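What follows is a short report on a single structure.
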Amino acid sequence: MYTLYYSQGTCSLAVHAILNALNVPFELKELHLSKGEQNSPEFQKINPRGQVPTLVVDGKEVIREGAAIILWLTEKHKSNLMPEVGAPNRAKALEWLMFFNSTLHPRFSPAFGAARITKNEEFQQEIRQYAFTNIQKGFDEVEKQLSETTYLCGNEPTAADFLGTVISRWTYGFNGAVTLGPKTKAWVEKTGSHPAFQKALQTEGIELHKKAA
Ligand SMILES: N[C@@H](CCC(=O)N[C@@H](CS)C(=O)NCC(=O)O)C(=O)O
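Residue numbering for the sequence shown follows my numbering, starting at 2 and increasing by one per position.
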């Protein structure tokens, strides 16, 4: 039995959707990040980094870091959301998964957290602009790939498409400062309409197009 610690609309939504796709039993424990629940002594014992997603396996083993959780789950359950070792597009799928997890996700931190970096509003604006420029570059790369393939690694969705679609939702709160290209918008629709993704959105009480909480 899996326990997923998640927070509404955050990067944990990708793991939530993947658990649905795997059709395995799991329970959800929600953390309200805005209330600081990730820093509670109880959760800090499970993940001292105070981050979601965090997966607990059978009440014992704890897996932290979204990409590690996704790879562990898709390998354990032999899911076609990750091409198997030796498959021709595995390297590409790994690259895109890591791109979203390790390159694009951190580019949002200054956009969301400018006010935590400085009280000076002019600097905050500069920090946000710096983040928007870098996020835009990331989504331009996505657009380029999607003008060649329906999903990032071909005709079928992978876990990278799930994580990328989750992250793309965060741009909706930027009032047009980051724009998604037409291919990217169509990809968000396609990936977001996957039944496993839809179920996760519904359970978390959010919509594909609404600003992430
Ligand atoms: N590298 C980590 C990043 C996880 C992360 O930053 N999660 C955010 C939500 S998207 C979080 O839990 N933030 C809580 C906080 O920073 O206080 C991973 O991929 O799991």
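Using N, Cα and C, we set each Cβ at its ideal position, and we do this for glycine too.
Computed from a prediction, not measured in an experiment: that's the story for all the values here.
Ligand 1 heavy atom lying under 8 Å from the CB of residue i
i: Leu53; result: A small correction: the amino acid at residue 53 is Val; Leu does not occupy that position in the sequence shown. Yes, the Cβ of Val53 comes within 8 Å of a heavy atom of ligand 1.
i: Cys12; result: yes
i: His106; result: yes
i: Ser8; result: yes
i: Ala132; result: no
i: Asn102; result: yes
i: Gly165; result: no
i: Ala112; result: no
i: Asn40; result: yes
Whether residue i touches residue j by CB criterion (9 Å)
i: Thr180; j: Thr172; result: yes
i: Gly67; j: Cys154; result: no
i: Tyr3; j: Glu205; result: no
i: Trp97; j: Gln39; result: no
i: Pro23; j: Thr75; result: The question names Pro, but residue 23 in the sequence shown is Leu. Cβ atoms of Leu23 and Thr75: closer than 9 Å.
i: Ile207; j: Gln9; result: yes
i: Ile70; j: Leu82; result: no
i: Arg65; j: Gln52; result: yes
i: Pro196; j: Asn21; result: yes
i: Ile19; j: Ser103; result: no
i: Phe101; j: Gly165; result: yes
i: Gln130; j: Ala187; result: no
Sheet register partners of residue i (DSSP bridge)
i: Leu164; result: According to DSSP, which records beta bridges pairwise, Leu164 is partnered with nothing at all.
i: Lys30; result: Tyr6
i: Gly155; result: Tyr152
Whole-number beta carbon distance between residue j and residue i, since they are thought to touch under 8 Å
i: Glu144; j: Gly174; result: Their Cβ separation, rounded to whole angstroms, is 20 Å, which puts Glu144 and Gly174 out of contact at 8 Å.
i: His17; j: Ala201; result: 4 Å
i: Ala116; j: Gln125; result: 6 Å
i: Phe198; j: Phe163; result: 6 Å
i: Leu5; j: Pro54; result: 6 Å
Open item on the list: Which complete beta strand (DSSP E) runs does the stretch 57-87 hold, if anything under 3 residues is left out?
Closed with: Listed in chain order, the complete beta strand (DSSP E) runs (minimum 3 residues) inside the stretch 57-87 are 62-65.
Restricting to runs no shorter than 4 residues, where is the alpha helix (DSSP H) found entirely within the stretch 162-201? Correct list: 183-193.
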